[in-house]
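J.:
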Amino acid sequence: MKTLLICHEGASLDQEVLARWLNSFSNLTGILLVHEPTKRGWRRVRREIKRVGVLRFLDVLAFRIYYWLLLAGKDRSWERRRLEEGCHAYPELSPRTLVLKTSSPNTSEAQQFIAQLAPDLVLARCKSLLKDSIFSIPPKGTFVMHPGICPEYRNAHGCFWALANDDLKKVGMTLLRIDKGVDTGPTFGYYTYPYDEFNESHIVIQHRVVLDNLPALQTKLTEIYAGSALPLDVSGRSSATWGQPWLTRYLRWKHRARKRAT
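Going by my numbering, the first residue of the sequence shown is number 36, and it counts up by one from there.
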């Protein structure tokens, strides 16, 4: 099985751990490293303002400030530990593994890179929606590990919003094959772990729903390649898209988590 990884440059748990993991059971032919220009971040800001309005966007900004002042340091320490553990668990990549750095996974050079390497399956760990000309290249499909249970928690930060909504049984990751919609493709599995909503941040939880399930994900991707995996039936379930975390909802969640823990 030939695979290819799309991830953001500097996202070490993806760039190092997931790449090594993929290479441990498949032929990882290449890594597409995305280094987004600043203007793309501003586009996301404008989209979020249009989606939630200016006043609610201040709630989004307040959470960003709160996170970087009070939570980010602890999360970075956790990420460093998991990076070290992952690098010990999986061997280094072969120097023959090709790497292309690009400003977007949808560029013509990215398309040519993927087409030339001809992977059977692509794993996309990026924020950008992929064009049909990109995600349709691998014959077995392009897959995402979406941080949220779909279809109820589509788009961004699904784990956060499930926790903020006290929807504690819907905190997890969805393995789905990309189609032309936003997290609407065929679903091949749900993955979670016994998370600690009081002591862990939503960022750590989003990482762990992936990293704590790598053996099961290896099995599922192998089944998909073999053609023995069937998508789950999600018909009749509610579907919703979500956006960036709000400080008001974060504080409410942690208050309720504290009460549940006592």
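All C-beta atoms in this analysis are idealised placements derived from N, C-alpha and C, irrespective of residue type, glycine included. Just so it is clear, the structure is predicted and the values come from calculations on it, not from any experiment.
1. Relative to the C-alpha of T142, which residue among S168, L152, W56 and I213 is closest?
2. Here's a check: name, in chain order, each residue in its chain whose Cβ is nearer than 7 angstroms to the Cβ of I238, leaving out the five neighbours to either side.
3. Within the segment 246–288, note down every full alpha helix (DSSP H) run reaching 4 residues or more, in order along the chain.
4. Short of 8 angstroms in beta carbon distance, which residues of its chain neighbour H192, apart from the five on each side in sequence? Order them along the chain.
5. Any contact of the segment 57–66 with the segment 78–88, i.e. 3+ C-beta pairs under 8 angstroms?
6. Label I302 either buried or exposed according to how many other C-beta atoms from any shown protein chain fall within 10 Å of its C-beta, with 16 as the threshold for buried.
7. Quick one: is G207 buried, meaning 16 or more other Cβ sit within 10 Å of its Cβ, or exposed?
8. Report the residue from W56, L252 and G220 whose alpha carbon sits nearest the alpha carbon of H123.
9. Going by Cα to Cα distance, which pick from G224, W288, K205 and R212 is closest to N234?
10. Note down, in chain order, each residue of its chain lying with its Cβ closer than 6 angstroms to the Cβ of W113, except the 5 sequence neighbours on either side.
11. Find the nearest neighbour of L210 within the set S171, A97, E232 and L158, judged by alpha-carbon distance.
12. Label A153 either buried or exposed according to how many other C-beta atoms from any shown protein chain fall within 10 Å of its C-beta, with 16 as the threshold for buried.
13. Across the segment 67–82 and the segment 241–255, are there enough close Cβ pairs to call them in contact, namely three or more that are closer than 8 angstroms?
14. Any chance you could list the alpha helix (DSSP H) runs of at least 4 consecutive residues sitting entirely within the segment 151–230, in chain order?
15. Quick check on the DSSP output: the beta strand (DSSP E) that includes N62 runs from which residue to which?
16. Within its chain, find whatever has a CB closer than 7 angstroms to the CB of L265; leave out the 5 residues flanking it on each side and keep chain order.
17. From the DSSP output, in three-state form, read off L93 for me.
18. Please report the straight-line C-alpha distance between K166 and K215, rounded to a whole angstrom.
19. For T38, which three-state DSSP category applies?
20. Find out if the Cβ-Cβ distance for the pair D49, R160 is shorter than 7 angstroms.
T.: According to the structure shown:
1. Mapped onto the sequence shown, residue 142 falls at position 107. Minimum Cα distance to T142 is reached at S168.
2. Numbered from its first residue, the sequence shown carries residue 238 at position 203. Same-chain partners within the cutoff: D110.
3. Fully enclosed alpha helix (DSSP H) runs of 4 or longer: 249–261.
4. Working through the sequence shown from its first residue, we reach residue 192 at position 157. Cβ within range, chain order: P182, G183, H237, Q241, W277, G278, Q279 and P280.
5. no
6. The question about residue 302 has no answer, for the chain in this structure spans 36 to 297.
7. The residue labelled residue 207 in the question sits at position 172 within the sequence shown. Per the 10 Å Cβ criterion, buried.
8. In the sequence shown, counting from the first residue as 1, residue 123 sits at position 88. Measuring from the Cα of H123, the nearest candidate turns out to be W56.
9. Against the sequence shown, residue 234 aligns to sequence position 199. It is W288 whose Cα lies nearest to the Cα of N234.
10. Looking up residue 113 in the sequence shown gives position 78. Contacts found: V239.
11. What you label residue 210 is simply residue 175 of the sequence shown in a count that begins at 1. Nearest option by C-alpha distance: L158.
12. Start at 1 with the first residue of the sequence shown, and residue 153 comes out as number 118. The residue in question, A153, is exposed, as its Cβ has fewer than 16 Cβ neighbours within 10 Å.
13. no
14. For the segment 151–230, whole alpha helix (DSSP H) runs of length 4 or above, ordered along the chain, are 167–170 and 193–199.
15. By 1-based counting over the sequence shown, the position of residue 62 is 27. First-last of the beta strand (DSSP E) with N62: N62 to V69.
16. Counting from 1 along the sequence shown, the entry for residue 265 is found at position 230. Answer for L265: no residue qualifies.
17. As a first step, residue 93 must be located in the sequence shown, where it is residue number 58. Three-state result, L93: helix.
18. Against the sequence shown, residue 166 aligns to sequence position 131. Against the sequence shown, residue 215 aligns to sequence position 180. One C-alpha to the other measures close to 8 angstroms.
19. Sequence index remark: in the sequence shown, residue 38 carries index 3 (1-based). DSSP places T38 in strand when its eight states are reduced to three.
20. Start at 1 with the first residue of the sequence shown, and residue 49 comes out as number 14. Start at 1 with the first residue of the sequence shown, and residue 160 comes out as number 125. It is a contact, given that the beta carbons lie within the stated cut-off.
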